[in-house]
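Visitor:
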Amino acid sequence: MVSIDVIVPQIAPRRWQELVIERLRADGHDVAVLHQAEAAAWPAAAKLAFAFEQRLFRRKGPGLGAPLDRLEARSGG
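Numbering (my numbering), first residue to last: 26 to 102.
1. Say whether the region 36-48 touches the region 86-96, bearing in mind that this needs 3 or more beta-carbon pairs closer than 8 Å, one atom from each stretch.
2. Indicate the three-state DSSP secondary structure (helix, strand or coil) for Ala98 in the structure shown.
3. With a threshold of 16 other CB atoms inside 10 Å of the CB of Val56, please say whether the residue is buried or exposed.
4. Count the CB pairs spanning the region 58-67 and the region 27-34 that are closer than 8 Å, and state whether there are at least three.
5. Measure the alpha-carbon distance for Glu63 versus Trp41 and round it to whole angstroms.
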């Protein structure tokens, strides 16, 4: 299978990023998770868009745009 490096922000990575990584690994890909070198916080507009999406679709729990506390960096293999 293909070896894939996924670069995620160190500050508040999103659930959808974790989901993509899990699905790639489940498919048998060698996935390495790397943190962005200069990880800044998400822009306010992005946070508002994620909150609007959650309200629009009337989601009770966290949506795919919900921030995670941390997504551990992990080498492939």
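C-beta atoms are modelled at their ideal positions from N, C-alpha and C, and glycine is treated no differently.
Guide: Straight from the coordinates:
1. yes
2. coil
3. buried
4. yes
5. 21 Å
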